[in-house]
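Basically this note's numbering = 1-based index in the sequence shown + 1231. Contents: one structure, followed by commentary.
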Amino acid sequence: MVRILAVNPGSTSTKIAVFDDDREVFAQTVDHDVTELKAFAHVQDQLAYRKAAVDQALADAGIDPAGIGLFAGRGGGLVPVRGGVFKVTPRLLQDARIGVPGEHPAQLASQICDLYVQEFGGLAVIVNAPDTDEYDEIARVTGLTDIPRQSHIHALNQKEIALRYCAARGLAYGAVNLIVIHLGGGISVAAHRQGAMVDANDIIKGEGPMTPNRAGQLPSLDLLKLCYSGRYPEKQLKDRLSRAGGLMDHLGTDDAREVERRIAAGDGYARLVYEAMLYQTAKYAGAMAAVLRGEVQGIVLTGGLAHSDYVTGYLTGYLAWIAPVTVMAGEFEMAALAAGALRVARGQEEPRDYDGVPVWTGFTH
1232 MVRILAVNPG STSTKIAVFD DDREVFAQTV DHDVTELKAF AHVQDQLAYR KAAVDQALAD
1292 AGIDPAGIGL FAGRGGGLVP VRGGVFKVTP RLLQDARIGV PGEHPAQLAS QICDLYVQEF
1352 GGLAVIVNAP DTDEYDEIAR VTGLTDIPRQ SHIHALNQKE IALRYCAARG LAYGAVNLIV
1412 IHLGGGISVA AHRQGAMVDA NDIIKGEGPM TPNRAGQLPS LDLLKLCYSG RYPEKQLKDR
1472 LSRAGGLMDH LGTDDAREVE RRIAAGDGYA RLVYEAMLYQ TAKYAGAMAA VLRGEVQGIV
1532 LTGGLAHSDY VTGYLTGYLA WIAPVTVMAG EFEMAALAAG ALRVARGQEE PRDYDGVPVW
1592 TGFTH
């Protein structure tokens, strides 16, 4: 048996979980005081603060870090890399400290794990980093040379769900084609072709369907006109697109349960908007089916919204003609971190070395 600590820092919280092999024995989300976080000029400055929070949570639970052999972090702060498990090395830590793609608390995960290894020994890894990029080159091309498409997906949960789906059916992930739809505050629809996420909507840059709180893809000239209308400062418009769009913009709430209650009470506009979100999601799944040339062995619905029979029933009605639809509701990020570390411990996956070289650096002419 191997004991694994999984660490996943978010914007205002840090998720912590301890596993004995694949059995979760402890889990806690530490919510941080926003005022305290604002006292730090940069995310990197939060390292000691976040590490102390993990220390305290483990101490309160009576868990001795000395008994932990594997430390699995969310990753973050790295150049785009292919999916998989990476050893936490000095080269990886160098980029994590900088936050190469931009500051985000996820960059602290590998560093926290490394601090534990320095003190107690063991192995630190990251699993399917946020900047995982397995796109086909053709998927990167847009109509403007200075705006190539980039891979921003719920990579950790997408990969874990695909692996679980295959394991339950005795399939090799590297031998099948799947469409995985992560349904949450953000919605990612990805084409998994023989073990790689070769195309998807960019959940950071605004591609894809509208979501509970994101506007999704919009007519570009209308958006351009809105940008220059003088009605919105840049930050306000950015927030409207990425935090207050979708259901929130139309209905004043991003709580899908509240929207479904309104629909049940006869609110026709709530129904129209909610089903438009699902309709758009189904359209993107159809696009991913085309990416896979119609050779799709399964479609998997995951994320928090997949708990809703309304959501899964609507999407199944649109998509079942492509391939069998399976519901695997919820988010499995902490389990995915532990599972990646466990594959390494069992010799099922060789951890990779991070070299700091992006998987894609531009088109060749």
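Think of the CB as a built atom: it goes at the ideal place given N, C-alpha and C, for glycine as much as any other residue. Quick caveat, the model's predicted, so the values are computed rather than measured.
- Apart from the five residues just before and just after H1383, which ones in its own chain have a Cβ nearer than 7 angstroms to its Cβ? D1433, I1434, I1435, K1436
- Query: Do L1550 and T1543 have their C-beta atoms closer together than 8 angstroms?
  - Reply: no
- Item | Distance between Y1585 and L1268 (C-alpha atoms, nearest Å) | 30 angstroms
- Item | Whole-angstrom distance between R1395 and L1509, CA atom to CA atom | 24 angstroms
- Task: Grab me the residues of A1567's own chain with a C-beta within less than 8 angstroms of its C-beta, minus the 5 sequence neighbours each way, in chain order.
- Result: For A1567, same chain residues with a beta-carbon under 8 angstroms away, outside a window of 5 residues either side, are V1358, N1359, L1387, N1388, K1390, E1391 in chain order.
- Task: May I ask you to report which of helix, strand or coil DSSP gives F1594?
- Result: coil
- Task: Assess, as a yes-or-no matter, whether the segment 1243-1259 is touched by the segment 1551-1567 under the definition of 3 or more beta carbon pairs within less than 8 angstroms.
- Result: yes
- Nearest-angstrom Cα distance between R1502 and K1466? Computed Cα separation, rounded: 30 angstroms.
- Beta-carbon separation (whole angstroms), Y1404 vs A1393, contact threshold 8 angstroms: The Cβ separation is near 6 angstroms, so the contact holds.
- In terms of residue numbering, what span does the alpha helix (DSSP H) encompassing P1450 cover? P1450 -> no alpha helix (DSSP H), and no H or E assigned at all.
- Query: Taking the alpha-carbon positions, what's the A1337 to P1361 distance?
  - Reply: 8 angstroms
- Message: Per the DSSP calculation, S1419 is bridged to which residue(s)?
- Response: H1413
- Report the three-state DSSP secondary structure of T1243 (helix, strand or coil). T1243 sits in coil when the DSSP states are folded into three classes, being neither helix nor strand.
- Message: Suppose you measure from the CA of A1560 to the CA of V1490; what does that come to, to the nearest Å?
- Response: Going by the C-alpha atoms only, they are around 19 angstroms apart.
- Determine, using beta carbons only, whether R1254 and I1299 come nearer to each other than 8 angstroms. No, the Cβ-Cβ distance between R1254 and I1299 is not below 8 angstroms.
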